[in-house]
Amino acid sequence: MHDAGIRTIVDLRQAGERARDTQPRPDWLTPVTVDLDGLDDAVFWKDFWSNGLSGTALYFLPHLYAMPERSVAVLSALASAPDGGVLFHCMGGRDRTGLIAMLLLTAIDTEPDAIADDYLETVRLADLRSNPADRRPRGVSDRRANVGSAGRGGESPGTAGRGTGARAGSGRGRGRRQRHSDVEAESVKFPTLFTGRAFL
Numbered sequence: 038m039h040d041a042g043i044r045t046i047v048d049l050r051q052a053g054e055r056a057r058d059t060q061p062r063p064d065w066l067t068p069v070t071v072d073l074d075g076l077d078d079a080v081f082w083k084d085f086w087s088n089g090l091s092g093t094a095l096y097f098l099p100h101l102y103a104m105p106e107r108s109v110a111v112l113s114a115l116a117s118a119p120d121g122g123v124l125f126h127c128m129g130g131r132d133r134t135g136l137i138a139m140l141l142l143t144a145i146d147t148e149p150d151a152i153a154d155d156y157l158e159t160v161r162l163a164d165l166r167s168n169p170a171d172r173r174p175r176g177v178s179d180r181r182a183n184v185g186s187a188g189r190g191g192e193s194p195g196t197a198g199r200g201t202g203a204r205a206g207s208g209r210g211r212g213r214r215q216r217h218s219d220v221e222a223e224s225v226k227f228p229t230l231f232t233g234r235a236f237l
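Following the working numbering, the numbering of the sequence shown begins with 38 at its first residue and continues without gaps.
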């Protein structure tokens with residue numbers, strides 16, 4: 038990271054997650070912590086925990102509406118970082134990091150389809166990391182093929198989430214992830230289409 042010019046890390050994890058770190062940050066790195074989740078808002082998270090949609094892109098837009106100040110705090114930390122490159126991260130690099138990446142890509146007028154493709158690449162890489170023995174992603178081609186058909190029929194991100202929620206509760210692990218991925222990709226597009234720069 039040093040050779041790549043990274044000098045600031047914006048850590049999106051909760052305090053309990055950070056407490057499990059086993060190595061200190063090097064002296065040349067400026068750490069900034071912003072708890073993006075806001076798990077203390079039990080009313081917001083209640084439905085997402087029960088329907089299996091936490092950790093998916095299906096919570097992005099509702100989170101932006103419910104707790105915009107948390108994303109604003111992250112964007113402010115990125116914008117006010119000292120000279121040098123800035124890296125931002127969570128645990129898996131998919132949901133919290135994905136939300137901030139979506140906002141940054143929107144800010145530079147990236148096409149919604151390209152943002153969704155970026156998100157799907159993150160899904161693919163996560164599958165490879167979780168399945169290192171044979172390096173075969175689980176159902177990525179199916180996910181990509183279904184992206185074009187997801188979220189149609191006048192669905193908003195909220196209705197898309199409700200439409201998958203019933204199925205989410207019946208599955209675990211890989212099956213649940215595959216069911217969500219096509220709708221998640223469309224959900225990444227929805228905030229950029231409907232909110233634009235509202236939170237920037």
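For each residue, glycine too, the CB sits at the ideal point set by N, CA and C.
Remember, predicted model here, so these are calculated numbers, not experimental data.
The beta-carbon distance between I137 and L49, rounded to whole angstroms, is 7 Å. This is short enough to meet the 8 Å contact definition.
Counted as a single uninterrupted DSSP element, the stretch harbouring T45 is not any alpha helix (DSSP H) but the beta strand (DSSP E) occupying residues 43-48. In the DSSP annotation of this structure, H100 is not part of any beta strand (DSSP E); the continuous alpha helix (DSSP H) holding it starts and ends at 97-103.
With the rule of 3 Cβ pairs closer than 8 Å, the segment 97-112 counts as touching the segment 67-79. For V111, the number of other beta carbons within 10 angstroms of its own is at least 16, and it is reported as buried.
With fewer than 16 other CB atoms across the displayed protein chains lying within 10 angstroms of its CB, H39 is exposed.
According to the DSSP assignment, G53 belongs to no beta strand (DSSP E) but to the alpha helix (DSSP H) extending over 52-55. Nearest to H126 by C-alpha distance, out of D64, V69, P61, G42, is V69.
If you draw a straight line from the Cα of G135 to the Cα of M128, it is about 11 Å long. Fully contained in the segment 102-163 are the following beta strand (DSSP E) runs of length 3 or more, in chain order: 122-126.
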